[in-house]
Each structure stands twice: as structure tokens, then as C-alpha cells.
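Going by the numbering used here, the first residue of the sequence shown is number 1101, and it counts up by one from there. Just below is one structure, and these are the notes that go with it.
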Amino acid sequence: MAKIKAGDDKDRRLVEVIYHEFMLAELAFHRFLKAAEDKRLQGSTYERKLAVYNSYAEMVCRLYEFYMAAFKRDQGSTELSWEIADLMLTEEAQKYFDNTKERILRGIHLPEDNDVSYYDYKVPIEFGKHMRDIRNNHHHSDYRRVSGSRPSLKAFFDGYHMSLVGLLRQGGYWSRGNLGDRRLTHVDEFEI
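Encoded structure:
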């Protein structure tokens, strides 16, 4: 197990990876919204369904990877057990709802806020595990993607979309909507 110390070379590189993963998650989310809107407005074709499916799956996977890297950095280690990670994902998503509700009750409203009752939401305890299942389904060529032994992407969307959006918003401080403002060395070097 390698240690990560704040400010060292490994930490600086991990921060770049964390930022990049969040950027990719946000981009996938925007592609998902656009693909869903196109499907709704222009009609459902298989190509449009595939675009909605793929962009949502990518958002789940990228957001999962973002949080795994962030958790490792917070813990100062390159290793993290999946049992702990599952719980941490659920807790991190719940923080968004709890903190936003508390902020609104203190009288601090942001333009994107919903009614305070929206934030009474309780993230299901199995959210983190099922997010990992979806990530595994879409990052590995494995029969379980379609076997029914793991939740389908549709079942995940139906059961956890609100939790996932909370998790995305909770991590939003990594970009604040300024995609591309930060330079990524591994992206800059890919000049073809």
C-alpha cells in the first residue's frame, strides 16, 4: 500500500486525475441530458436510446472513479476496500441533501435550490454497492451486465438517480462549471 502525502508529487498527480474524472463525469451528465432531450423531442430511435444509455453509464462510472480517487487522497493511501468505499459513497451522497437542507434553513438560498422538503431525501444504504455494480458492469466485459445478478442501468436509474445527482452536486466544487479552465498535463501532451 502506497502512502499519499498532501503536496507531494503523487498527491499533485492524483489531484489532476481527480479533477479530470470529475470533468469527465460532468461532460457525460451534459451528454446524457442532451441525448435524453433529443430522444424525447426527435423521437426514440435505437441510436438515440444507445446515446442515452451510454452517456448515463459513463457518468456513473466517471463519478465512481472520481470519488474513489478523492477518498484515497483523503485517507492518504492508494488502496481502499470496496466495503468501505460503498459506505463512503452513500454517506457522501447523503451529505449533499443534509448540508443543502441545513443551508436553506439558515436562510441561504441558491438559484438552483429546490423547496427545502426535497432535501428530506434519505439515500438508500445500498446505493454505494449498486453504484459499484454499475461501474463494474460497464468497465468489464462480464456476462453479469445482462444476467440479472446485478442491477440493470434502468433499475439503478429508477432507484438511485436522485442519489446520483446529489453525489454529482456534492463533488461540484472540483469544477464550479469551469470545465477546461484547468490544464491537464496528460491531455495537453496528447497533441496529434
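Just so it is clear, CB atoms sit at the ideal spot from N, CA and C, and this is done for glycine as well. Being a predicted model, the structure only gives us computed values, none of them experimental.
Euclidean distance between Cα positions of residue i and residue j
i, j, result
"A1128", "R1148", "15 Å"
"N1154", "H1238", "9 Å"
"R1131", "D1186", "26 Å"
"E1289", "Y1146", "36 Å"
"P1211", "F1257", "25 Å"
"D1108", "S1144", "50 Å"
"R1112", "Y1119", "11 Å"
"D1233", "P1251", "7 Å"
"I1292", "E1183", "41 Å"
"L1114", "S1181", "18 Å"
"D1198", "E1191", "10 Å"
"L1268", "Q1142", "28 Å"
"E1137", "Y1243", "30 Å"
"Y1221", "A1255", "19 Å"
"R1140", "E1121", "28 Å"
Nearest residue (CA-CA) to residue i, options the options
i, options, result
"T1178", "A1169, D1186, H1230", "A1169"
"L1253", "K1134, R1112, A1157", "A1157"
"K1105", "G1143, I1118, D1174, R1203", "D1174"
"M1123", "G1107, G1143, Y1167, E1137", "Y1167"
Residue i and residue j closer than 8 Å at C-beta
i, j, result
"M1188", "F1171", "yes"
"V1216", "K1201", "yes"
"L1163", "A1125", "yes"
"Y1196", "Q1270", "yes"
"K1103", "G1176", "yes"
"F1227", "S1263", "yes"
"I1225", "D1213", "no"
"Y1260", "H1230", "yes"
"R1235", "C1161", "yes"
Per-residue DSSP class, three states only, for residue i
i, result
"S1177", "strand"
"K1134", "helix"
"K1103", "strand"
"G1266", "helix"
"T1285", "helix"
"G1228", "helix"
"V1160", "helix"
"N1214", "coil"
"F1257", "helix"
"Y1196", "helix"
"Y1221", "coil"
"E1297", "Residue coverage of the chain in this structure runs from 1101 to 1292, which leaves residue 1297 outside it and unanswerable."
"Y1243", "coil"
Supposed close pair residue i, residue j - CB separation, criterion 8 Å
i, j, result
"G1266", "A1193", "5 Å"
"E1305", "T1285", "Not covered by the structure: residue 1305. The range shown for the chain is 1101 to 1292."
Residue-level contact to chain B via CB, residue i, 8 Å cutoff
i, result
"Y1156", "No chain B is part of this structure, which consists of one protein chain only."
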